[in-house]
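Chemist: Residue numbers (mature numbering (1 follows the signal peptide of the UniProt record, and there is no 0)): -22 to -1, 1 to 161.
1. So residue 46 and residue 56 are in contact, right, with Cβ under 8 angstroms, and what is the actual spacing, rounded?
2. Using a 10 Å radius around the Cβ and a threshold of 16 neighbouring Cβ atoms, would you call residue 93 buried or exposed?
3. Roughly how many angstroms lie between the CA atoms of residue 85 and residue 112, to the nearest whole one?
4. Once the 5 residues before and after residue 141 are set aside, which same chain residues still bring their CB inside 8 angstroms of it?
5. Output the distance between the C-alpha atoms of residue 8 and residue 49, rounded to the nearest integer angstrom.
6. Is residue 129 helix, strand or coil when you go by DSSP?
7. Check the C-beta distance from residue 116 over to residue 76 and give it rounded, since I have them as a contact under 8 angstroms.
8. When you compare only the Cα positions, how much space is there between residue 110 and residue 146?
9. Sort out for me which residues DSSP pairs residue 137 with in a bridge.
10. Residue range of the beta strand (DSSP E) that residue 160 falls in?
11. Pull up the CB-CB distance for residue 123 and residue 42, whole angstroms please, since I reckon it's below 8 angstroms.
12. Per DSSP, which one or two residues make a beta bridge with residue 110?
Next up, the structure:
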């Protein structure tokens, strides 16, 4: 009798564990939000942050036809793009929790120096805690973030045609030189 009671208890424990683990499955709605940039604002007004300076001699001048080599959002990698702005700045990858709630976004690319509150004139170091002024995605503006990487470079604003179809994305902010290639 004791063996049977023990067997029944073990059976229920195993069944409960299976149900608990099933809840941790591969449901896309439960994936970390840093894997999903579908909330990213695809087109912007093209208005650049105050203090951002146009690049004097960018590798890819305004009007250049390029191929995007990065998947910041679905349909971007391999898309044909036109450079609509080129700016010299410091580009950052950041990790933050959206002000709207939800899971933290890790290593979000890109936020520029001019999109960080009270950034000063010097490059911020990885590990620094900052407040974002960028508004690329819901919950980004005013979020507290940690700098993951920092790199002085030229960033580009581009118009591109998503490889997934749909309307042209206008004034996408930001793509770096290493994320572009010639047609």
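Every residue, glycine too, gets a C-beta built ideally from N, C-alpha and C. The structure presented is a predicted model; accordingly, all values stated were derived computationally and were not measured.
Modeler: Taking the structure as given:
1. On the chain shown, position 68 is the one that residue 46 refers to. On the chain shown, position 78 is the one that residue 56 refers to. Right, their Cβ atoms sit about 7 angstroms apart.
2. Counting from one through the chain shown, the residue named residue 93 turns up at place 115. It is buried - the Cβ of residue 93 has at least 16 other Cβ atoms within 10 Å.
3. As a working mapping, residue 85 is identified with position 107 in the chain shown. As a working mapping, residue 112 is identified with position 134 in the chain shown. Distance between the alpha carbons of residue 85 and residue 112 is about 15 angstroms.
4. Within the chain shown, the letter at position 163 stands for residue 141. Excluding sequence neighbours, residue 141 sits near 53, 54, 55, 56 and 57.
5. Against the chain shown, residue 8 aligns to sequence position 30. Against the chain shown, residue 49 aligns to sequence position 71. Only weak support exists for where residue 8 lies, its pLDDT of 31 falling under 50; the value from the coordinates is given anyway. When rounded, the distance between both Cα atoms is 20 angstroms.
6. On the chain shown, residue 129 is found 151 positions in, with the first residue counted as 1. Of the three classes helix, strand and coil, the one that applies to residue 129 here is strand, per DSSP.
7. Taking the chain shown and counting its residues from 1, the one referred to as residue 116 is at position 138. Taking the chain shown and counting its residues from 1, the one referred to as residue 76 is at position 98. Confirmed, about 7 angstroms.
8. As a first step, residue 110 is located in the chain shown; it is residue number 132 there, counting from the start. As a first step, residue 146 is located in the chain shown; it is residue number 168 there, counting from the start. Near 27 angstroms, if we compare the C-alpha coordinates of residue 146 and residue 110.
9. As a working note, residue 137 is residue 159 in the chain shown. According to DSSP, residue 137 bridges with 60.
10. Against the chain shown, residue 160 aligns to sequence position 182. Segment 158 to 160, the beta strand (DSSP E) holding residue 160.
11. As a position in the chain shown, residue 123 is number 145, starting the count at 1. As a position in the chain shown, residue 42 is number 64, starting the count at 1. The C-beta separation of residue 123 from residue 42 comes to about 31 angstroms, leaving the pair out of contact by the 8 angstroms criterion.
12. As a position in the chain shown, residue 110 is number 132, starting the count at 1. Paired residue(s): 94.
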